[in-house]
Amino acid sequence: MAELKQIVVPDLGGQGEIPVVELLVAVGDAIQADQAVATLESDKATLEVPAPFAGIVRQVKVAPGERVSAGSLVALIEVAADAEMAAPTAMSAATPEPQAKSHGTKSAALTDAAIAAREATPIAHLDGSDAPAHASPAVRKLARELGVDLGQVVGTHRAGRISTEDVQRHIKSILSRFTGAETEGAPDHPASAPPPGRTIDFTRFGEVEIKPLSRIRRLSGAHLTHSWSSIPHVTQHESADITELEKLRVMLNGEQKSSGIKVTMLAFLLKASAAALKAFPQFNASLAGAGGDLVLKKYFHIGFATDTDEGLLVPVIRDVERKGVLDLAREIADLAAKARSGKLSLAQMSGASFSISSLGGIGGTGFTPLVNPPEVAILGVSKARLSPVWCGNKFEPRLMLPLSLSYDHRVIDGALAARFATFLADVLADLRRLLL
Ligand code: COA
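So the sequence shown is numbered by this note's numbering: it starts at 5 and just counts up by one.
Right under this line is the structure:
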């Protein structure tokens, strides 16, 4: 004969009352032994309450939001006759092992490889629906504070639910793209430290001061080392005649005085780069599949290196090809200010398919910027100078802008880079080419 048995909250490892965040079964459901029936979530962990027996759910005794503690009754299940043989005590309180002591769950656990595969493809939701990401208020608050878009996070819990640990894993995964470090257990500054055994006591030579590198500098140091040591770099140099463009820029700034928008060369460089990326898709790409595939991106998000007191940051402007120069100028100013005041979110630093590093406001005649992986090219810009240019029958003073295009030679050949740089210079010399 069938009997009703209790499912109760298991030992919570010393935690007091915690809320039920989700019911995973309803009255009438047939459930398997070990199947989770409810999810509880404290600030520290998410736990699933498993059913110790197979059977039919006859009553559910808790509701989402209700606080429970170890031993609280969650549901009554009608146990099948054969299960009774194994567990003959009617109405016995089942106290199973909790399914997860922290945020990982047995039943819904994904392998690291599966998570990596899902994270590699930016999907909004696991089930491909437009449903909002599934997460508790505490996780949503954390995501908001860290600037994480929950739609981009892979939830490893039942029904794709996102836990604190999933958010942390997502951030690590983004940071690892900056640092080139592994996501789990990566040292804080893996690549920027001197080689072992090479510590030098500089005090032997004179007075010194030891100053710890900022976290940003350590992260970018590791990332730059990764870029430098893993990408076969070549830099193509070009110079663009921006005499006419500079006249336009000065005119626009005159017109925009009251709006407070300041148009710098960078806004035009972004616009011209988006056109060049469209014309040469190999530059708007990333290597994938252990270097065997090329991912060609259909979007044009461009990062720009920003010098801050704490080190280099690269905010990203999205969909550059759809924006006008004035909007780009406004966005550059806004993101650069955020970078300098430490207010950039991770989302605002992610997703670029190309970068620009402009040192033109400072000086220089050329440099070799390092590609920002997983991108395959970066444009370095130096200071524009009036130079004598031979115009067929005489020298004319023209404002020449030095461009230095570094690229990943595994993906891009020298001839293609020369064509890209020439295209860019032609567009900057005559913006009407953007209409072509
Ligand atoms: N040639 C000549 N002058 C230039 C120029 C160029 N290529 N680019 C900018 N300028 C001028 C600007 O017109 C402006 O002049 P003004 O004040 O007389 O009008 C001045 O230099 C300052 O411009 P800046 O504030 O640098 O604006 P920007 O839009 O060009 O650049 C940032 C914005 C955020 C990119 C810039 O401030 C920055 O941080 N650059 C450093 C990037 C870096 O560190 N890269 C190295 C990576 S290895």
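Even glycine gets a Cβ: it sits at the ideal position worked out from N, Cα and C.
Since this is a predicted model, take the numbers as computed values, not measurements.
At a cut-off of 8 Å, the beta-carbon of S362 counts as near ligand 1: some heavy atom of the ligand is closer than that. A distance below 9 Å separates the beta carbons of Q240 and A425.
A Cβ-Cβ contact shorter than 9 Å links I382 with S410. Under the DSSP definition of a beta bridge, P392 partners with P401. Annotated as proximal: A6 and V83, with beta-carbon spacing under 9 Å. A straight line joining the alpha-carbon of D38 with that of S224 spans about 46 Å. By the neighbour-count criterion, in which 16 or more other beta carbons inside 10 Å mark a residue as buried, Q156 falls on the buried side. Note that the C-beta distance between P373 and S234 is not below 9 Å. Per the coordinates, the alpha-carbon of G418 lies some 32 Å from the alpha-carbon of N397. Within the same chain, no Cβ atom closer than 6 Å to the Cβ of G293 is found once the five residues on either side in sequence are excluded. By the 16-neighbour rule on beta-carbons within 10 angstroms, Q352 is buried. Between E242 and A429, the C-beta gap is smaller than 9 Å, which places the two residues in contact.
In the structure shown, the three-state DSSP call for D311 is strand. Remark: C-beta atoms of L405 and V385 approach each other more closely than 9 Å.
Per DSSP, the continuous alpha helix (DSSP H) segment holding D331 begins and ends at 329 to 344. By the CB criterion at 9 Å, V320 and K275 fall outside the cutoff. The shortest CA-to-CA distance from S277 to any of H237, R62, I265, R437 is the one to R437. Taken atom to atom, the span from the alpha-carbon of V53 to that of V318 is near 44 Å. When the five nearest sequence neighbours on each side are left out, the beta carbons in the same chain lying within less than 6 Å of the beta carbon of T312 are those of A343, R344, in order along the chain. Under the three-state reduction of DSSP output, F358 falls in the strand class. D170 sits in a helix when the DSSP states are folded into three classes.
Counting only the Cα atoms, L44 lies some 44 Å from A337. Contact between S46 and Q10 does not hold, since their C-beta atoms are separated by about 22 Å, which reaches or exceeds 8 Å. V41 places its beta carbon 9 Å or farther from that of V25.
Excluding sequence positions up to five before and after H237, its CB lies within less than 6 Å of the CB of S410, all in the same chain and listed in chain order.
In the DSSP annotation of this structure, the continuous segment of the alpha helix (DSSP H) that includes H230 starts and ends at 219 to 234.
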